[in-house]
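Q: Residue numbers (the working numbering): 90 to 327.
Cβ coordinates follow ideal geometry from the N, Cα and C atoms, glycine included.
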């Protein structure tokens with residue numbers, strides 16, 4: 090059956106139903122971003138440590154993870170992690186909520202990508218600063234938290250924003266596990282409409298993700314401006 094025209098009234102009708110799924114989408118994205126960045130920082134510490142073998146192993150693992158598409162990683166975590174945990178620890182996690190597995194998968198993906206980004210920030214720093222910190226007895230963790238992170242984060246913020254935006258977009262893959270996020274609700278509404286209003290359904294989804302991307306970009310721009318003012322103040326004081 091062919092469409093006759095664009096139906097704005099249908100978008101107005103389904104808007105409240107899809108927007109109810111927004112909190113779940115935002116929660117999954119935020120949890121994955123926070124967890125992924127924290128694990129990414131830990132991986133970076135391993136990569137820049139003096140233990141060469143550990144660095145090589147972490148490098149190899151992150152390269153493999155970055156090569157795996159998000160949807161495949163979600164399936165691997167959802168179907169494989171419960172089996173692995175059951176075999177190793179005898180604990181059944183198969184009953185965990187599906188969004189938890191999505192968050193874990195996206196956090197793993199982000200941790201691998203962000204670890205490379207954080208390491209590039211480390212490599213961009215003045216070697217003299219790091220040598221001076223080492224000479225006064227700072228540990229790797231102290232150097233990272235007091236020197237590397239404050240200065241390096243400002244440099245990589247635009248790229249980190251891109252990675253975080255990718256995670257927000259990747260939450261749309263949660264519907265493949267039957268999660269009723271924005272995309273899951275859209276698929277359900279599309280099927281109920283017998284594909285007569287498919288364009289309207291996914292146009293609304295696209296608009297919602299566009300707004301999310303604007304908010305994410307605005308937050309990172311604000312953080313970048315604030316950090317820039319702080320760095321200029323420090324430079325003037327010195």
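Helix, strand or coil for residue 311, going by three-state DSSP, please let me know.
A: Taking the chain shown and counting its residues from 1, one reaches residue 311 at position 222. Residue 311 falls in the helix class under three-state DSSP.
Q: Would you tell me roughly how many angstroms separate the C-alpha atoms of residue 156 and residue 202, rounded to the nearest one?
A: The count along the chain shown starts at 1 and reaches residue 156 at position 67. The count along the chain shown starts at 1 and reaches residue 202 at position 113. Taking the straight line joining both Cα atoms gives about 10 Å.
Q: Here's the rule I'm using: 16 or more other beta-carbon atoms within 10 Å means buried, otherwise exposed. How should residue 194 be labelled?
A: Indexing the chain shown from 1 puts residue 194 at position 105. Its Cβ being crowded by 16 or more others within 10 Å, residue 194 is buried.
Q: Considering only residues of the same chain and omitting the five flanking positions on each side of residue 183, which have a CB-CB separation below 7 Å?
A: Numbered from its first residue, the chain shown carries residue 183 at position 94. So the list reads 171, once near-sequence residues are dropped.
Q: Is the CB-CB distance between residue 211 and residue 137 below 8 Å?
A: Position 122 of the chain shown, counting from 1, holds the residue named residue 211. Position 48 of the chain shown, counting from 1, holds the residue named residue 137. Yes. Within cutoff.
Q: With a 10 Å radius around its C-beta and 16 neighbouring C-beta atoms as the bar for buried, classify residue 98 as buried or exposed.
A: Your numbering for residue 98 matches position 9 in the chain shown. Classification of residue 98: exposed, given that the 10 Å Cβ count is below 16.
Q: For residue 207, count the other beta carbons within 10 Å of its own beta carbon; 16 or more makes it buried, fewer makes it exposed. Which is it?
A: Sequence index remark: in the chain shown, residue 207 carries index 118 (1-based). Residue 207 comes out buried.
Q: By how many angstroms is the C-alpha of residue 117 removed from the C-alpha of residue 189?
A: As a position in the chain shown, residue 189 is number 100, starting the count at 1. As a position in the chain shown, residue 117 is number 28, starting the count at 1. Taking the straight line from one Cα to the other gives about 8 Å.
Q: Could you spell out where the alpha helix (DSSP H) holding residue 248 opens and where it closes?
A: The residue given as residue 248 occupies position 159 in the chain shown. 238–259 is the extent of the alpha helix (DSSP H) around residue 248.
Q: Measure the beta-carbon distance from residue 197 to residue 173 and round it to whole angstroms, keeping in mind my assumption that it falls under 8 Å.
A: Here residue 197 refers to the residue found at position 108 of the chain shown. Here residue 173 refers to the residue found at position 84 of the chain shown. Incorrect: roughly 13 Å between the Cβ atoms, too far for contact.
Q: Grab me the residues of residue 248's own chain with a C-beta within less than 7 Å of its C-beta, minus the 5 sequence neighbours each way, in chain order.
A: Here the question's residue 248 lines up with position 159 in the chain shown. Result list for residue 248: 206, in chain order.
Q: Given that a residue counts as buried once 16 or more other Cβ atoms are within 10 Å of its Cβ, and exposed if not, what is residue 221?
A: Walking along the chain shown from the start, residue 221 turns up at place 132. By the neighbour-count rule (16 or more Cβ atoms within 10 Å), residue 221 is not buried but exposed.
Q: Would you kindly work out how many angstroms separate the C-alpha atoms of residue 253 and residue 262, rounded to a whole number?
A: One-based indexing of the chain shown puts residue 253 at position 164. One-based indexing of the chain shown puts residue 262 at position 173. Roughly 15 Å between the two C-alpha positions.
Q: Please classify residue 200 as buried or exposed, where buried requires at least 16 neighbouring CB atoms within 10 angstroms.
A: For the purposes of this step, residue 200 is taken as residue 111 along the chain shown, with counting starting at 1. With 16 or more Cβ atoms within 10 Å of its Cβ, residue 200 is classed as buried.
Q: Just tell me which of 187, 272, 146 has its CA closest to the CA of residue 107.
A: Here residue 107 is taken as the residue at index 18 of the chain shown, counted from 1. That would be 272, whose Cα lies nearest to the Cα of residue 107.
Q: According to DSSP, is residue 223 helix, strand or coil?
A: Start at 1 with the first residue of the chain shown, and residue 223 comes out as number 134. In this structure, residue 223 counts as helix in the three-state DSSP scheme.
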